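A.B. asks: Chain order of the listed sequences is Y and Z.
Under our numbering, think of the first position of the first sequence as -18, with each following residue one higher.
Under our numbering, think of the first position of the second sequence as -18, with each following residue one higher.
Note that CB positions come from ideal geometry on N, CA and C, so glycine has one too.
All values reported here derive from a predicted model rather than from experimental measurement.
2 protein chains.
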Amino acid sequence: MPKPIDFYFDFSSPYAYFAADKIDHVAMEFGGREVEWRPFLLGVAMKITQNEPLMRQPVKGEYSVQDWDRMARFMKVPWTLPSKFPIASIDAARAYYWIYDTDKTVAKEFARQCFATYFGEGRNISDVDTIGKIGSRVGIDSAELKNAIVEDRIKERLKIETQAAIDTGVFGSPFFIVDDEKFWGSDRIWMIKRWLKTGGW
Amino acid sequence: MPKPIDFYFDFSSPYAYFAADKIDHVAMEFGGREVEWRPFLLGVAMKITQNEPLMRQPVKGEYSVQDWDRMARFMKVPWTLPSKFPIASIDAARAYYWIYDTDKTVAKEFARQCFATYFGEGRNISDVDTIGKIGSRVGIDSAELKNAIVEDRIKERLKIETQAAIDTGVFGSPFFIVDDEKFWGSDRIWMIKRWLKTGGW
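1. With a threshold of 8 Å between beta carbons, is R19 of chain Y in contact with chain Z?
2. Quick one: what does DSSP say P(-5) of chain Z is sitting in, helix, strand or coil?
3. With a CB to CB cut of under 8 Å and the five nearest residues on each side skipped, what residues in its chain are close to I(-14) of chain Y?
4. Could you list which residues in chain Y have their beta carbon closer than 8 Å to that of V182 of chain Z, in chain order?
5. At 3 residues or longer, what runs of the beta strand (DSSP E) sit wholly inside the stretch -1 to 38 of chain Z?
6. List the residues that DSSP assigns as beta-bridge partners of W165 of chain Y.
7. Nearest-angstrom Cα distance between E162 of chain Y and W49 of chain Z?
8. Cutting at 8 Å between CB atoms, please list the residues of its own chain near E102 of chain Y, excluding the five before and the five after it.
9. Please list, in chain order, all residues of the same chain as G150 of chain Z whose beta carbon is under 8 Å from its beta carbon, the five residues on each side excluded.
10. Determine the direct distance from the alpha carbon of G166 of chain Z to that of R83 of chain Z, and round the result to whole angstroms.
11. Residues of chain Y with CB under 9 Å from Y(-4) of chain Z, in chain order?
12. If we ignore side chains and look at the alpha-carbon of each, how far apart do A92 of chain Y and P20 of chain Y end up?
13. Check I(-14) of chain Z in the structure and name its three-state DSSP category.
14. Using a 10 Å radius around the Cβ and a threshold of 16 neighbouring Cβ atoms, would you call R75 of chain Z buried or exposed?
15. Quick check: the Cα distance between W176 of chain Y and I135 of chain Z, rounded to an integer number of angstroms?
16. Near P67 of chain Z, which residues of its chain fall below 6 Å by C-beta distance, leaving aside the five closest residues on each side in sequence?
17. How long is the line joining the alpha carbons of F152 of chain Y and Q38 of chain Y, rounded to whole angstroms?
18. Going by beta-carbon coordinates alone, are I115 of chain Z and C95 of chain Z separated by less than 8 Å?
19. Using a beta-carbon distance below 8 Å, is P39 of chain Y in contact with chain Z?
20. Taking only runs that begin and end inside the stretch 92 to 139 of chain Y, name each unbroken alpha helix (DSSP H) of 4 or more residues, in chain order.
21. In terms of alpha-carbon separation, which member of Z:A0, Z:L23, Z:F(-1) lies closest to A145 of chain Z?
22. Any beta carbon of chain Y sitting closer than 8 Å to that of I212 of chain Z?
23. What does a CB cutoff of less than 8 Å around R54 of chain Y pick up in its chain, not counting 5 residues either side in sequence?
24. List the whole-angstrom C-beta distance separating I80 of chain Y from A88 of chain Y, where the pair is believed to meet the contact cut-off of C-beta under 8 Å.
25. Taking its Cβ as the centre, do 16 or more other Cβ atoms sit within 10 Å of G113 of chain Z, making it buried, or is it exposed?
26. Going by CA-CA distance only, name the one from Z:Y(-11), Z:K28, Z:N32, Z:P63 that's closest to R104 of chain Z.
Below, the structure is given as structure tokens:
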């Protein structure tokens, strides 16, 4: 079985939302590969690259808003720019890893639901109550989930995952690693496709 | 005849080099359109977006170097990361507009030769002697060209072109405008293709 593709993302990243809709399909169809979803805190990585969220960048922010809308229309996926954007995605990411440690498949479904709630419906997912409700939609006890994400163990876990992403050279979202090859951006899924088909160049 | 596609770029931009190799073909094949090449000074635009050249951004710079190399191998175009990079592309851009005012086709060929010299061979194109030599390769009198690019009229011309690009919302290189639709990045040529084929969505 070939190595899974690593998919690094922040729950507050529109381009990760678009990529999340495609990457598992591409990985399986062109490479027979699984995808490991690895949420991390992009804000921490951005301190190192001295980058700012797109929305806070003059001119580029306005372009991005149009681009997300156009991308969603092209992909025919639901899209609502959340009134609160970007957000601290820390609780969603902690919840993901807590679920992941029990069931990877459910964790991925939870992540999909987070994206659908935040970017599909435009509803804030930075509060624990919403995280709890999303959890219950994928069969997780919401009270248990809400308790779990404030525990030191899971806080530490997300710190470790974020640091590991940064140490690997991840600086944006989405970011993919195929074997040792790095690909940044939802715009590079076409290249990942070719890489998988050809074995690289 | 449909409106030409505007192709904004800085001569010091690797992704513009890659885009320059493709955009005219895509515009003609999928839209029956000409392409207006519009060099501008990216550094001036970056002051507004508070952006830094890729190479000066930690981690992202290293990724970019790998990405350019991989892109060149994929596209099978010559590639040498210039030892002096990025450069002030002001003289190349001035020369372009001076040639453009006499012959648009020759100006485009001059621009291609600038890209080929800088990114294909890795040779610095920021000095006027090299600009003169590149000019003579496309049939321009090099002494005349070297004199022209220090004239106030052409200096002013580039300022106006750069400001016009910024006023239009251009903030990166390459940047394309198809009718009123903006596309940023060489990675978006696939989307321009679809846009031209379908008339947009």
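C.D. replies: On the basis of the data shown:
1. no
2. helix
3. I4, A8, G12, R14, E15, V16, E17, F157, I158, V159, I173
4. In the sequence on display, residue 182 of chain Z carries Trp and not Val. Simply R51, R54, F55.
5. Whole beta strand (DSSP E) segments, 3+ residues: 16 to 20.
6. Y:F156
7. 13 Å
8. Within its own chain, the residues whose Cβ lies closer than 8 Å to the Cβ of E102 of chain Y, once the five positions on either side in sequence are excluded, are P59, T61, listed in chain order.
9. K163
10. Per the sequence shown, the amino acid found at residue 83 of chain Z is Thr instead of Arg. Taking the straight line from one Cα to the other gives about 29 Å.
11. Within 9 Å Cβ-Cβ: nothing; Y(-4) of chain Z doesn't reach chain Y, min ~11 Å.
12. 9 Å
13. It is a strand residue.
14. Counting the other Cβ atoms within 10 Å of the Cβ of R75 of chain Z gives 16 or more, which makes it buried.
15. 45 Å
16. Answer for P67 of chain Z: S(-7), P34, listed in chain order.
17. Between F152 of chain Y and Q38 of chain Y, the C-alpha separation is close to 17 Å.
18. yes
19. yes
20. 109 to 118, 123 to 129
21. Z:L23
22. Nothing about residue 212 of chain Z can be read from this structure; chain Z reaches only from -18 to 182.
23. Spatial neighbours of R54 of chain Y in its own chain (CB-CB distance under 8 Å, excluding positions within 5 residues in sequence) are listed in chain order as W60.
24. With 8 Å as the limit, I80 of chain Y and A88 of chain Y qualify as a contact, their Cβ atoms being about 4 Å apart.
25. The residue in question, G113 of chain Z, is buried, as its Cβ has 16 or more Cβ neighbours within 10 Å.
26. Z:P63
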